[in-house]
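Undergrad:
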Amino acid sequence: MQTLPTTQRHEYATPRTMHPTVAELEARVRRGPQVVRETLERPLPAGLMPWSETSLVLTGIGASGAVARTAEALLRHETSLRVSSLPLSEFVSRDVDLQGKTLVLLSQELSPNATLALQRVERFQQALLLTSLSEADARLVSFRQSGGRIFTLPPREERDFLVRMMGPLATVMGLLRLAWAGEGQKAPGELTRVPDAMAVALEQGFEVAKAWPDGVLRTPLLATGSYSGCLEVLRWTWMEAWWTEAPPVWDALEVAHGPWQTQTKLAGPWLAFTRPDDMAGLWPRFESMLPKSQVLVRAEAALPAPLCFFEHAAFVQGLLCGVLKRRDVDLKKWPGHGTDAPLYRFDGQR
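Under our numbering, the first residue of the sequence shown carries the number -16, and numbering increases by one thereafter.
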């Protein structure tokens, strides 16, 4: 993975005293590879109908909703499973069981909105909850009594900040493992390399952060092929970490068919997520189009899809956290804190 070219670099100093919340975020980010390693060691839940014999409905809210959309793209590309992702608001008035027979609910700490799906469990052939909660949690009694299965993933908690770093990584890995098992596939041999590859990518993200322009909060994210649809989690993480609009994600080949016209007069980096099985020859052509005020920064994964996702996620987390280290920001006081209660606490009952 490359840093900004010398002509584009402005080394920014990290403040002598980092805000304690940013230090805590960095600790969480650096724990990401270990969280994925722990997820690889967790036994899969027993008693599930093989996913190859059913159809899946993935749902969640916030970062978990972004994971559902990312996982749908990954699973459609990497497996033959029938899978769709639905927003939780679909569970208010629609017959969601028509969209699939197996409910897969993603909710790290069971937000109130997640109960919208729990109330529809009996409409499905089977239901699975991926969460950080244990099976003994009192909120899950009725779910278990309805036959629901629970897959408890690390970390045990990730509270106080708007952005979630560790939980989404664990959930994507958990879903991939379930998909391979549910299809009767053997997991890729490179799977054990993922945590170490993430650790390398994380450090590269921190390195790029040292020269990242302070004024660039929303850079375009680029990938090729179906993989461009797998970056929803990265957009969501970017938005919640920096409290900015989620950056656009474009297929690199499509940039010339519209998006390029909106970017030619802007300055700053583009961020490309490349992989070994990428489209050859495309990126040099893209770079040849760039004006002097722009540069392409490549997050170059060593692993093929879908495992490259974890390298790319680690890179982005290192970049986002690295830039935050030079900002005086209290991550516990995000804009609109507490004013979202009317929607955040909506569970369909009141």
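Positions of the beta carbon are idealized from the N, C-alpha and C atoms, including for glycine.
All figures in this text were calculated on a predicted structure; none of them were measured in a lab.
Could you tell me whether the segment 37 to 44 touches the segment 90 to 107, using the rule of 3 or more Cβ pairs below 8 Å?
TA: Yes, the segment 37 to 44 touches the segment 90 to 107.
Undergrad: Just checking, does the segment 172 to 189 make contact with the segment 237 to 254 on the three C-beta pairs under 8 Å criterion?
TA: Fewer than three pairs of CB atoms, one per stretch, sit closer than 8 Å, so the segment 172 to 189 makes no contact with the segment 237 to 254.
Undergrad: How is P95 classed by DSSP in three states: helix, strand or coil?
TA: Helix, per DSSP.
Undergrad: The alpha helix (DSSP H) that contains V232, what's its start and end?
TA: Note, V232: premise wrong, no alpha helix (DSSP H); beta strand (DSSP E) at 232 to 234.
Undergrad: Just to confirm the assignment: which complete beta strand (DSSP E) runs, minimum length 3, are found wholly within the segment 17 to 96?
TA: 38 to 43, 65 to 70, 85 to 89
Undergrad: Rounding to the nearest angstrom, what Cα-Cα distance links R25 and A49 in this structure?
TA: 23 Å
Undergrad: What separation, rounded to the nearest whole angstrom, lies between the Cα atoms of G208 and A121?
TA: 44 Å
Undergrad: Applying the 10 Å Cβ sphere with the 16-neighbour rule, what's the burial state of S276?
TA: S276 should be labelled exposed.
Undergrad: Express the C-alpha separation of V299 and G334 in angstroms, rounding to a whole number.
TA: An answer regarding residue 334 cannot be provided, because it is not within the stretch -16 to 333 covered by the chain.
Undergrad: Which residue wins for smallest C-alpha separation from P70, given the options V40, L279, L57?
TA: V40
Undergrad: Compare the beta carbon distance of L273 and L279 with 8 Å and say whether it is the shorter of the two.
TA: Yes, Cβ-Cβ distance for L273 and L279 is below 8 Å.
Undergrad: For the beta strand (DSSP E) that W195 lies in, which residues bound it at each end?
TA: Careful: W195 lies outside any beta strand (DSSP E) and carries neither H nor E.
Undergrad: Taking C-beta to C-beta, are F353 and L303 nearer than 8 Å?
TA: Since the displayed the chain opens at -16 and closes at 333, residue 353 lies outside it and no answer follows.
Undergrad: Helix, strand or coil, according to DSSP, for M(-16) in the structure here?
TA: Because the pLDDT of M(-16) is 49, which lies under 50, any placement of that residue in the model is unreliable, and the number read from its coordinates should be weighed accordingly. Coil, per DSSP.
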